[in-house]
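Engineer:
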Amino acid sequence: MNDLLSFVIVIFFSLPTLPFTEAKTGGFSIDLIHRDSPLSPFYNHSFTPEESLKNAALRSISRLNHFRQSSIDEKAIESMVIPGEGDYLMKLSIGTPPVEFYAAADTGSDLIWIQCMPCMQCYPQDSPIFNPAKSSTYRELSCGSKPCTKLSRKTCSKTNGCQYYNSYGDGSYTAGDLATETFVFRSTNGEAAAFPTSVFGCGRRNSGAFTGSEAGLVGLGGGPLSLVSQLGAEIEHKFSYCLHPRSASSTSKLRFGMEAIISGEGIVSTPLVPKSPSTFYYLTLEGISIGGKTLPSTLGEGNIIYDSGTTLTMLESSFYNDLEAVIKEAIPLEPAEAPSPFSLCYATASSNRLPDMMFHFTGADLLLHPLNTFMETNNLNCLSIIPSDGSLSIFGNVAQMNFQVEYDLEEKKVSFAPADCTK
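Number 423 marks the last residue of the sequence shown (full-length UniProt numbering); no jumps.
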């Protein structure tokens with residue numbers, strides 16, 4: 001299961017006691033680190049840029065497959081896991097005293113879980129496994145608790161404790177106790193905000209194709225047990241991010257609460273479309289324009305998932321084929337042989353001859369430059385949009401770079417504004 005949806009988490013060390021209070025603040029922001037950046041704890045010095053790009057592209061395809069599976073079987077979405085996956089990492093601390101770990105900031109999953117001691121069956125982990133016995137704020141939830149009712153798969157222990165169970169298509173699984181803990185975020189201004197009684201899964205039995213760098217999973221999806229849903233009113237039901245280009249050496253920002261409200265010129269908004277499973281953020285893509293030609297989409301409302309954890313954008317096959325034909329007409333070059341999994345590449349290192357594209361969402365037109373639609377690899381510029389081999393479509397994070405993106409879960413909308421995210 002080398003490529004299933006996940007949050008890659010690594011426990012690093014126990015933090016000294018921080019001067020924090022229960023969060024009743026207007027908001028906070030934390031750093032986002034691209035996993036392929038030298039700043040990342042998962043940075044692999046042996047990978048060439050081309051290898052890193054290919055791995056990211058292959059993860060996108062695997063992610064699409066499991067999104068498709070989850071749209072059929074809603075029980076499968078609670079905590080899908082892709083070992084080594086997660087394009088952007090954030091720091092989060094848990095417990096009292098807090099223990100800090102890195103987590104991939106991902107909008108495509110819900111339940112938070114980590115491996116816990118004592119562990120009846122745990123996969124080998126490079127870093128210390130979280131020990132709830134050393135935390136004064138750890139509390140296990142009962143089978144009749146409200147969070148327990150939100151689980152699709154659960155059992156009750158002999159002491160009436162709530163136990164979760166999640167399995168995956170390749171036979172991997174995680175199971176353990178549903179509990180509450182204090183989550184602590186170190187803001188970029190140096191302050192720390194604490195959120196007591198946050199719900200997470202304390203994994204006592206975890207087995208399968210997990211790697212030693214993983215301690216578990218955290219979700220920013222729309223389901224009731226995700227991090228953003230749990231923080232809810234504490235963050236005004238809002239979060240936002242501004243993703244750097246892959247070549248940037250500094251960190252992006254993930255903002256919560258009032259700090260998440262975007263500003264500047266060119267702000268547009270589009271409705272979130274309620275669909276099952278509630279984890280995903282569905283938008284309606286009405287069409288794409290290149291030059292003077294517009295390709296309308298006929299796939300109906302909520303036809304594309306807006307996702308920060310998928311690198312590539314993937315479109316329904318017939319719609320993609322029409323788009324590729326228009327792109328070929330707009331570029332006065334012969335296509336080059338495209339390395340897998342890309343479908344269209346050109347033997348040019350310059351983006352000057354590559355077209356802009358306008359993505360038309362309901363009420364919001366997004367102008368995407370070649371930075372958002374092409375990726376350079378092996379002296380080729382390859383289209384970062386590929387066919388999905390099905391009806392499911394995903395708007396990936398390359399297309400989102402240099403945009404402020406705000407999710408307002410109360411108003412049920414996503415807003416965008418062009419920006420230089422390195423500033």
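The beta carbon of each residue, even a glycine, is placed where N, CA and C say it ideally should be.
Within the same chain, show all residues whose beta-carbon is closer than 6 Å to that of C345, passing over the 5 residues directly before and after it, in chain order.
Structural biologist: So the qualifying residues of the chain are A336, A338, L380 and C382.
Engineer: Determine, using beta-carbon pairs with one atom in the stretch 315-332 and one in the stretch 360-370, whether at least three such pairs fall under 8 Å.
Structural biologist: Contact between the stretch 315-332 and the stretch 360-370 is absent, because fewer than three Cβ pairs lie under 8 Å.
Engineer: Give the range of the alpha helix (DSSP H) segment to which C148 is assigned.
Structural biologist: Where C148 is concerned, the enclosing alpha helix (DSSP H) stretches over K146 to T149.
Engineer: Do G223 and T279 come within 8 Å of each other at the CB atom, strictly closer than that value?
Structural biologist: Yes, they are a contact pair.
Engineer: Count the CB pairs spanning the stretch 241-260 and the stretch 123-133 that are closer than 8 Å, and state whether there are at least three.
Structural biologist: The answer is no - the stretch 123-133 does not touch the stretch 241-260, with fewer than three Cβ pairs under 8 Å.
Engineer: When the Cα of L178 is compared with those of E140, S198 and T155, which residue comes out closest?
Structural biologist: Comparing Cα-Cα distances from L178 to each of E140, S198 and T155, the minimum goes to E140.
Engineer: Within 7 Å: the Cβ of S269 and any heavy atom of the ligand SAH?
Structural biologist: The ligand SAH is not part of the structure shown, which contains no ligands of any sort.
Engineer: Could you give the uninterrupted runs of the beta strand (DSSP E) lying entirely in the stretch 232-298, keeping only those of 3 residues or more?
Structural biologist: The qualifying runs are 238-242, 252-257, 268-271, 285-290 and 293-296.
Engineer: For Y123 and G203, what's the separation of their Cα atoms in angstroms?
Structural biologist: So the two alpha carbons sit approximately 11 Å from each other.
Engineer: Tell me S142's beta-bridge partners as DSSP assigns them.
Structural biologist: Per DSSP, G161.
Engineer: Runs of 3 residues minimum, wholly inside the stretch 320-374: which ones carry the beta strand (DSSP E) assignment?
Structural biologist: Listed in chain order, they are 357-361 and 364-368.
Engineer: Assuming Y320 contacts P387 under a Cβ cut-off of 8 Å, what Cβ separation, rounded to an integer in Å, is found between them?
Structural biologist: Yes, they are in contact, since the Cβ atoms of Y320 and P387 sit about 4 Å apart, within 8 Å.
Engineer: Any idea if A419 is buried or exposed, counting beta-carbon neighbours within 10 angstroms, 16 or more meaning buried?
Structural biologist: With 16 or more other Cβ atoms within 10 Å, it is buried.
Engineer: Counting along the chain, where does the beta strand (DSSP E) carrying Q404 start and finish?
Structural biologist: From DSSP, the beta strand (DSSP E) with Q404 extends over F403 to D408.
Engineer: In three-state DSSP terms, what is S317?
Structural biologist: If DSSP states are grouped into helix, strand and coil, S317 belongs with the helices.
Engineer: To the nearest angstrom, how far is it from the Cα of A192 to the Cα of I394?
Structural biologist: If I take the Cα positions, the gap works out to 34 Å.
Engineer: With a cut-off of 8 Å, do at least 3 Cβ pairs link the stretch 101-119 to the stretch 299-314?
Structural biologist: Short answer: they touch.
Engineer: Looking at the unbroken alpha helix (DSSP H) that takes in A399, where does it start and where does it end?
Structural biologist: A399 -> alpha helix (DSSP H) spans N397 to Q400.
Engineer: If you draw a straight line from the C-alpha of S391 to the C-alpha of L89, how long is it?
Structural biologist: Their backbone Cα atoms lie some 29 Å apart in a straight line.
Engineer: When DSSP labels each residue in this structure, what does E411 get in the three-state scheme?
Structural biologist: Coil at E411, not helix or strand.
Engineer: Short check: CB of E236 to CB of G216, under 8 Å?
Structural biologist: Taking 8 Å as the Cβ cut-off, E236 and G216 do not qualify as a contacting pair.
Engineer: Should F101 be labelled buried (16 or more other beta-carbon atoms within 10 Å of its own) or exposed?
Structural biologist: Classification for F101: buried.
Engineer: Say whether the stretch 395-412 touches the stretch 255-275, bearing in mind that this needs 3 or more beta-carbon pairs closer than 8 Å, one atom from each stretch.
Structural biologist: Verdict: yes, contact present.
Engineer: Going along the chain, which residues of its own chain have a beta-carbon closer than 8 Å to the beta-carbon of M401, five neighbours each way excluded?
Structural biologist: Cβ within range, chain order: L243, H244, P245, R246, L371, N372 and C421.
Engineer: Label H45 either buried or exposed according to how many other C-beta atoms from any shown protein chain fall within 10 Å of its C-beta, with 16 as the threshold for buried.
Structural biologist: By the 10 Å Cβ count, H45 comes out exposed.
Engineer: Going by alpha carbons, who is nearest to C143 out of S127, K158 and C162?
Structural biologist: Measuring from the Cα of C143, the nearest candidate turns out to be C162.
Engineer: Pull up the CB-CB distance for S180 and S136, whole angstroms please, since I reckon it's below 8 Å.
Structural biologist: The identity of residue 180 in the sequence shown is Thr, whereas the question assumes Ser. In fact, because the Cβ distance is near 13 Å, the residues do not count as touching under 8 Å.
Engineer: Where V184 and S289 are concerned, what is the direct C-alpha to C-alpha distance, given to the nearest angstrom?
Structural biologist: Going by the C-alpha atoms only, they are around 44 Å apart.
Engineer: I need the straight-line Cα distance from M1 to P355, nearest angstrom please.
Structural biologist: Low confidence applies to M1: its pLDDT is 40, below 50, so where it sits in the model is not reliable, and the reading given next is rough at best. Cα-Cα distance, rounded: 37 Å.
Engineer: Based on DSSP bridge pairs, tell me the residues matched to P418.
Structural biologist: For P418, which the question treats as bridged, DSSP gives the partners F403.
Engineer: Let me know if A260 comes out buried or exposed under the rule of 16 or more other beta-carbons within 10 Å of its beta-carbon.
Structural biologist: The residue is buried, with at least 16 neighbouring Cβ atoms inside 10 Å.
Engineer: Can you tell me which of the three DSSP states A192 falls into?
Structural biologist: Strand, per DSSP.
Engineer: Among residues of its own chain, excluding the 5 on either side of R255, which ones have a beta-carbon nearer than 6 Å to its beta-carbon?
Structural biologist: If we look at R255 and ignore the five residues flanking it on each side, its Cβ neighbours are S29 and S240.
Engineer: Among the residues of its own chain, which have a CB less than 6 Å from the CB of A417, if the five just before and after it don't count?
Structural biologist: Counting only Cβ-Cβ distances below 6 Å, and skipping sequence neighbours, we find I262, G264, G266, I267 and Q404.
Engineer: With a CB to CB cut of under 7 Å and the five nearest residues on each side skipped, what residues in its chain are close to L367?
Structural biologist: Cβ neighbours of L367 beyond the five flanking positions: D356 and M358.
Engineer: If contacts are defined as beta-carbon pairs under 8 Å, then L32 and K238 qualify, I think. What distance do you get, rounded to the angstrom?
Structural biologist: Not confirmed; about 16 Å, so no contact.
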